[in-house]
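Undergrad: Residue numbers (the UniProt record's numbering): 1 to 413.
(1) Just mark residue 376 as buried or exposed, buried being the case when its beta carbon has 16 or more other beta carbons within 10 Å.
(2) Taking residue 65 and residue 207 to be in contact with their CB atoms under 8 angstroms, please state how far apart those CB atoms are, rounded to whole angstroms.
(3) Mind checking residue 412: buried by the 16 CB within 10 Å criterion, or exposed?
(4) If we ignore side chains and look at the alpha-carbon of each, how far apart do residue 332 and residue 356 end up?
(5) Output the distance between the C-alpha atoms of residue 310 and residue 349, rounded to the nearest integer angstrom.
(6) Starting from residue 133, follow the alpha helix (DSSP H) in both directions and report where the run begins and ends.
(7) Just to confirm, are residue 221 and residue 239 a CB contact at a threshold of 8 angstroms?
(8) Classify residue 74: buried if its beta carbon has 16 or more other beta carbons within 10 angstroms, exposed otherwise.
(9) From residue 353 to residue 113, what does the alpha carbon distance come to, in whole angstroms?
(10) Specify the secondary structure class of residue 345 as computed by DSSP and reduced to three states.
(11) Using C-beta distances below 6 angstroms, list every residue in its chain close to residue 13, excluding the 5 sequence neighbours before and after it, in chain order.
(12) Could you give the residue range of the alpha helix (DSSP H) that holds residue 292?
(13) Taking DSSP as the reference, what is the three-state secondary structure of residue 149?
(14) Taking just the CA atoms, how far does residue 178 sit from residue 288?
(15) Would you give the residue range spanned by the beta strand (DSSP E) that residue 167 belongs to?
(16) Runs of 3 residues minimum, wholly inside the stretch 44 to 120: which ones carry the beta strand (DSSP E) assignment?
(17) Have a look at 407, 380, 156 and flag the residue whose alpha-carbon is nearest the alpha-carbon of residue 394.
(18) Helix, strand or coil for residue 19 per DSSP?
(19) Drop a sphere of 10 angstroms on the beta-carbon of residue 420, count the other beta-carbons inside from all chains shown, and report buried for 16 or more, exposed for fewer.
(20) Which first and last residues belong to the beta strand (DSSP E) in which residue 210 is found?
(21) Give the range of the alpha helix (DSSP H) segment to which residue 255 is assigned.
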């Protein structure tokens with residue numbers, strides 16, 4: 001029995017991620033494989049580290065890739081920083097705060113949470129009050145939570161963590177490159193991300209950066225696999241990190257000068273991650289954030305002109321994804337399916353308390369462009385009118401066009 005190759009249908013992915021990867025990233029991933037200790041390979045790894053230092057806006061030497069999706073980066077940091085019994089504080093304002101809590105609990109932490117209603121964010125005062133009460137080792141916080149579209153301000157929280165001798169980890173999967181993130185200036189101790197949103201690549205690699213404080217914590221628990229003991233390496237010290245694959249002590253040695261064997265590098269993903277960073281650095285991080293703000297703003301103005309109500313605190317919404325309430329009388333999943341079948345455009349549903357109440361539409365990475373915004377607004381208008389929603393024809397695309405005309409200096413993708 002013969003099997004045909006898989007030919008995925010053409011889609012415009014305008015949900016909260018993943019998005020359509022930049023063709024230049026896909027081309028980079030098709031390059032030939034080489035050995036993981038080939039000088040060309042280690043040079044590529046070094047170049048990738050240098051590029052991501054610019055993406056994260058950091059001088060951290062410990063800037064590298066975790067092989068796996070963005071969740072792999074989250075788990076690697078938490079399992080490597082946390083010892084069983086450590087207190088961890090997780091401020092939850094959406095689905096992915098709950099994910100941080102679960103991963104920390106699986107690592108054996110005593111997890112404390114504070115919560116705000118979905119669609120809101122925390123003030124620095126709320127976080128500091130909780131830090132005083134809990135006295136955790138680690139504060140684990142999402143920057144941009146796509147489940148609510150909110151972007152948590154972090155600028156003041158790093159100093160608060162330093163004042164209370166707390167390690168500060170943030171998950172920037174959905175926000176990095178579409179919203180300002182300044183690792184060193186904000187005193188972030190660990191940041192992880194993924195490629196599949198504003199970085200314009202496919203899921204499968206988790207860029208990660210660690211401050212010297214975080215590295216010191218991880219090194220205090222450094223172990224070497226039994227099969228590698230010798231030649232100057234002993235078995236290790238401290239409480240062993242409770243994952244082999246996600247042991248950042250070992251991964252630091254793999255990416256560092258020691259080049260101590262840990263795993264076989266996901267070479268094609270390395271090529272893709274390097275290209276994602278190269279494109280962003282060449283564009284400029286401030287310019288990339290401005291591009292996401294531009295196209296996200298145009299989309300938002302178009303949705304408002306169509307009479308659709310926006311979800312959440314708009315002063316703290318991410319540039320790259322917007323939530324809209326599903327109009328009364330409209331079957332949300334039926335309309336999403338019609339949009340996919342008739343126009344090959346995908347928008348997102350939502351989770352938890354928001355499931356069936358809002359759609360989420362993204363403008364991120366390669367899809368943060370004028371043509372994708374205009375196409376999505378025009379198609380959405382058609383399926384909404386077909387579903388019986390009354391609106392002025394062309395109102396969404398017209399408002400977006402006017403927004404672009406008012407921002408001429410920023411209209412280039």
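Where is the CB? At the ideal position from N, CA and C, for every residue including glycine.
TA: The relevant details are as follows:
(1) buried
(2) 6 angstroms
(3) Because residue 412 sits at a pLDDT of 44, beneath the cut-off of 50, its placement in the model cannot be relied upon, and the point is left open.
(4) 6 angstroms
(5) 14 angstroms
(6) 124 to 134
(7) yes
(8) buried
(9) 18 angstroms
(10) strand
(11) 19, 20, 346
(12) 285 to 305
(13) coil
(14) 6 angstroms
(15) 167 to 171
(16) 62 to 67, 87 to 92, 110 to 115
(17) 380
(18) coil
(19) The chain is shown from 1 up to 413; residue 420 falls before or after that span and cannot be answered.
(20) 205 to 210
(21) 248 to 255
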